[in-house]
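Trainee:
There are 2 protein chains.
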Amino acid sequence: MTETRPYHHGDLRRTLLGAAAEAITENGPAALSLRDLARRAGVSHAAPAHHFGDKAGLLTALAAQGFGYLADELDRTRAAGGGVLEAGVAYVRFAVAHRAHFAVMFQPELLNRADPELLAAQDRSSSALRDAVATVDRSELRGADARIAGLSAWSIVHGFATLWLSGALPPDLGDNPEDAARQVIRPLFARG
Amino acid sequence: MTETRPYHHGDLRRTLLGAAAEAITENGPAALSLRDLARRAGVSHAAPAHHFGDKAGLLTALAAQGFGYLADELDRTRAAGGGVLEAGVAYVRFAVAHRAHFAVMFQPELLNRADPELLAAQDRSSSALRDAVATVDRSELRGADARIAGLSAWSIVHGFATLWLSGALPPDLGDNPEDAARQVIRPLFARG
DNA sequence: ACTGCTAACTTGACAGTGACAAGATTGGAG
DNA sequence: CTCCAATCTTGTCACTGTCAAGTTAGCAGT
């Protein structure tokens, strides 16, 4: 990652990414405006283009950052001795804590899919995901092919996170996403 | 719909919804342009506003249509005697067949959440979903609270559909979403 | 110190867009 | 036949993303 010290502005790149995350958290990715970000950062309207090329470039950088954060979160959970269930909860925790990043990470039409930085970050989080699933006791996932089991786990946590963030889940689940996730995910792993 | 060419264009509303679905399927919701839709339909740039108010109105109508289609699909599967697993597969089939609708249905920031037509359609598909889950044999979902079990099922199919559509799943899953879904969903229901 | 050099930013312009207001056209009810 | 309300058009505005060209700042080498 190219670190810049305060030239004219300071580090505009990081500032813009932060402002973008904030704006997306508030109004979603569709409403994001580069000019608005520039305004928030106190620079001219064309400044963002210099760092990210275009809008897709900015969102790609955000997505890459998101995959990095996700990998961090999963690694941290694993280091703490958590199993698959806790990795799943960590996935949801990440999605809720960084909803702007999450909202962009799985919308390829918004991104430069071939961006090397993005691909690297995706790779890192894929590995972290794979490692998390590898810790599963075979009996927990009832004899299924490990590869399929991993996809089942990924699907259920990804689905829960998406539905939670979209507000589609019933309100009687409470307002703690991690607890709710734990309940909903458990049936995949609990023994019969 | 027979081939008509009315000067006042007959059913613009339906035509625009169709064009919108097509455009979103191609380029995603973010790239959608009302003026482009108007061009495709051969009307003036301001015509869509009359039927939908604004962009959010159009997307809301699309989402409502999508919830209707989803309810239809689930009802059809249930009428054919399918269980929860097949309902799940039907959910995925719907998402893939109507990816434009699906892409919009769970992005509240693009919609008028309070639109009565939308709420009614959501209600209908919620009921269909609930009915589908209600057919589950208690032993299939291993003693979990039925309410939680339903959310688990919803999460796993929704997550699978989302990941499939975003192209995030590994390519060795094949190119048949229904077969792949069946494999990935099964671990939730299979007996220990 | 001064000379270039390059990255970081600005200024200015252009085509497209969503939204609104006001006018035109139509089918149909009375 | 008249009139009206729904449908659609025209014109306009502020705003957006992107590009081209210019400006400023840090820095290395002499």
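The listed protein sequences derive, respectively, from chains A and B. Be aware that the first sequence starts at 1002, since it is given in the numbering used here, and climbs by one per residue. Be aware that the second sequence starts at 1002, since it is given in the numbering used here, and climbs by one per residue. Beta carbons: idealized from backbone N, C-alpha and C, even for Gly. Only a predicted model underlies this, so the values are computations on that prediction, with no experimental measurement involved.
#1: Confirm, please, whether the CB-CB distance from Pro1178(A) to Val1093(A) is below 9 Å.
#2: Just the Cα atoms here: how many angstroms apart are Leu1063(A) and Gly1043(A)?
#3: When the cut-off is 9 Å and only beta carbons count, does Phe1107(B) lie next to chain A?
#4: Please identify, using Cβ separations under 7 Å, the residues of the region 1065-1076 of chain A that lie next to chain B, in order along the chain.
#5: Any beta carbon of chain A sitting closer than 9 Å to that of Leu1059(B)?
#6: Going by alpha carbons, who is nearest to Ala1022(A) out of Ala1091(A), Phe1068(A), Asp1012(A) and Val1105(A)?
#7: Taking all protein chains shown into account, do 16 or more other C-beta atoms lie within 10 angstroms of the C-beta of Leu1120(A), making it buried, or fewer, making it exposed?
#8: Would you identify the three-state DSSP class for Gly1054(B), choosing helix, strand or coil?
#9: For the putative contact between His1099(A) and Gly1054(A), defined by C-beta atoms under 8 Å, what is the C-beta separation to the nearest angstrom?
#10: Taking Cβ to Cβ, would you say Phe977(B) is nearer than 9 Å to Leu1111(B)?
#11: Do Leu1075(A) and Ala1057(A) count as a contact pair if the criterion is CB distance below 9 Å?
#12: Rounded C-beta distance between Leu1038(B) and Pro1049(B)? I'm assuming under 8 Å.
#13: Name the residue from Asp1073(A), Leu1035(A), Ala1088(A) and Gly1175(A) whose alpha carbon lies nearest to the alpha carbon of Ser1156(A).
#14: Give me the chain B residues within the contact set of Ala1129(A), using Cβ-Cβ distance strictly less than 7 Å, ordered along the chain.
#15: Classify Gly1082(B) as buried or exposed, calling it buried when 16 or more other Cβ atoms lie within 10 Å of its own Cβ.
#16: Val1097(A) lies in the alpha helix (DSSP H); which residues open and close that run?
#17: Give every residue of the same chain whose Cβ lies closer than 6 Å to the Cβ of Ala1182(A), excluding the five residues on either side of it in the sequence, and list them in chain order.
#18: Give the single residue among Thr1061(A), Gly1175(A) and Val1134(A) whose Cα lies nearest to the Cα of Asn1113(A).
Mentor: If we stick to the structure as given:
#1: yes
#2: 20 Å
#3: Residue-level contact check: Phe1107(B) touches chain A, since one or more beta carbons of chain A fall below 9 Å from its beta carbon.
#4: none
#5: no
#6: Val1105(A)
#7: exposed
#8: coil
#9: Not confirmed; about 23 Å, so no contact.
#10: Since the first residue shown for chain B is 1002 and the last is 1193, residue 977(B) is missing from the structure and cannot be characterised.
#11: no
#12: Contact flag correct, Cβ pair sits at about 6 Å.
#13: Ala1088(A)
#14: Within 7 Å Cβ-Cβ: nothing; Ala1129(A) doesn't reach chain B, min ~14 Å.
#15: exposed
#16: Val1085 to Ala1098
#17: Excluding five sequence positions before and after Ala1182(A), the CB atoms of its chain that fall closer than 6 Å to its own CB belong to Val1090, Val1093 and Phe1161, given in chain order.
#18: Thr1061(A)
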